[in-house]
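Undergrad:
In the working numbering, the protein residues as written are 7 to 106.
1) Below 8 Å, how does it come out for the segment 75-87 and the segment 23-37: are there three or more Cβ pairs, yes or no?
2) For residue 32 and residue 47, which I take to be in contact (beta-carbon distance under 8 Å), what is that distance rounded to the nearest angstrom?
3) Are residue 52 and residue 98 close, meaning C-beta to C-beta below 8 Å?
4) For residue 87, tell me which candidate among 36, 65, 101, 38 has the shortest Cα-Cα distance.
5) Considering only residues of the segment 50-86, which uninterrupted alpha helix (DSSP H) runs meet the minimum length of 4 residues and lie entirely inside it, listed in chain order?
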């Protein structure tokens, strides 16, 4: 599968977008602007923390220039990198759609 023009250029960037979406969702939950029916703040915070732990464990939170980064590890492996990008993008979209 080839990257589309909407794909983030790297895992690090896609991760930052997901974490930003989590932060925005948490802010809206705190301000009670979100309709009930979505997970409440503690559950959303746990999901964000799990993503941060995964990112830290595998180096997804490190810039591409780091030899410990997931981007660097996948530099010659396009399929796992593409699948990781797709999952992160889908997660970010799911979070944004829950706010709608």
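C-beta: ideal position from N, C-alpha, C; glycine also.
TA: From the atom records:
1) The segment 75-87 vs the segment 23-37: no contact.
2) With a Cβ gap of about 6 Å, residue 32 and residue 47 count as contacting.
3) No; because the gap between Cβ atoms is not below 8 Å, this pair is not in contact.
4) From the listed residues 36, 65, 101, 38, the smallest Cα separation to residue 87 is found for 65.
5) List check, alpha helix (DSSP H) in window: 76-79.
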